[in-house]
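Take a look at the structure below.
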């Protein structure tokens, strides 16, 4: 029986094609959301555990009195301003390089970038350690009360307990075997690409963190510093818990975008960005309902401007150009999105050595 070359109703086929495309896009969005969730959810749990340490400490300090609570809040502020904000910002410089190197399957570059970042953080920690050892003198110089500054000194030293736990996890988990080739002298070379990303990230993080911490320091200059510093410390700790969820989502989205750009898949990177921004809407409204009771219109307008800015940046981003920049950053030329040029050269050499091809 003959089949007609031209269908009787071509519009039906066009509708079926459009429906199948929309289904594929929905399935890809769901798959991308699962990938982002697999990265973000463990980071949410980690952030909750880390911040719960400060929250529980604040709860116990609150039972001891205003002086202890104000001293603990001041210790957290000093640690954030002089240490955590700077180190976190510098560490974020390795995030795009590591994500794109993993996507390009250049695991050695990932390990070398990690070594450079650790060395950079260690060098930065030297002046920070001197600041932490003289925390009482610095707080007194900033106009804080002597009693509050003395309590803050003991609160700073408890932060060092976290380092031993992190080292123990790295040694026990064994998750580093694929990307860690051992300490190499190559980590002393090629620092420009890391510093070009680390320094702007550090400035951005410091500006974001310090605007909150300076408010607590300013409260110490008021008439009743113990009560004002303690109350502001509780407020900052509560809002920090809310920020865990969007920050973890942003880390997961940036990791997915970096992996896809490194694998020369700009369309998938754009899809990851769209899914991430869509998910951030839900988190934003949840945080709004949790924290805002009054004057919510002004805060909503402020957050709306941030959303419009992010949407404009997403619309104007040239993802093909970003994929090309990822190649330059990782030093890899992607061939088909899954294999790098190094893998292609290995395949060519294997074909040449194969006797069946002679």
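Numbering (my numbering), first residue to last: 2 to 359.
We put the CB at the ideal spot given by N, CA and C, even for glycine.
If you're wondering where the values come from, they're calculated on a predicted model, not measured in any experiment.
Taking C-beta atoms as the reference points, residue 181 and residue 112 count as a pair closer than 8 angstroms. Annotated three-state conformation of residue 271 is helix, per DSSP.
Selection 228, 33 and 25 evaluated against residue 275 yields 33 as nearest (Cα-Cα). Bounds of the alpha helix (DSSP H) holding residue 229 are 226-263. Between the segment 230-242 and the segment 60-80 there are three or more C-beta pairs closer than 8 angstroms, enough to call the two in contact. The C-beta distance from residue 45 to residue 280 rounds to 12 angstroms, too long to meet the 8 angstroms contact threshold.
CA-to-CA, the gap between residue 110 and residue 226 works out to about 50 angstroms.
For residue 318, the three-state secondary structure derived from DSSP is coil.
The residue from 28, 38, 189 and 79 with its alpha-carbon nearest to that of residue 221 is 79. Counting C-beta atoms within 10 angstroms of its own C-beta, residue 215 has fewer than 16 neighbours from the protein chains shown and is therefore classed as exposed.
In this structure, residue 188 lies near residue 120, with their beta-carbon atoms less than 8 angstroms apart. Within its own chain, the residues whose Cβ lies closer than 7 angstroms to the Cβ of residue 122, once the five positions on either side in sequence are excluded, are 88, 91 and 92, listed in chain order.
Contact check for residue 259 against residue 104 passes: the beta carbons are separated by less than 8 angstroms. Residue 272 and residue 29 do touch by the CB rule: their CB atoms are close to 6 angstroms apart, below 8 angstroms.
Remark: C-beta atoms of residue 242 and residue 52 approach each other more closely than 8 angstroms. In the three-state scheme derived from DSSP, where H, G and I count as helix and E and B as strand, residue 93 is classed as coil. Rounded to whole angstroms, the gap between the alpha carbons of residue 167 and residue 39 is 21 angstroms. By the Cβ neighbour-count rule, residue 317 is exposed, with fewer than 16 other Cβ atoms within 10 Å of its own. Taking 8 angstroms as the cut-off, the beta carbon of residue 117 is found closer than this to the beta carbon of residue 195. Setting aside the 5 residues that flank it on each side, residue 205 is surrounded in the same chain by 90, each with a C-beta closer than 7 angstroms to its C-beta; the list follows chain order. For residue 181, the secondary structure class from DSSP, reduced to helix, strand or coil, is coil.
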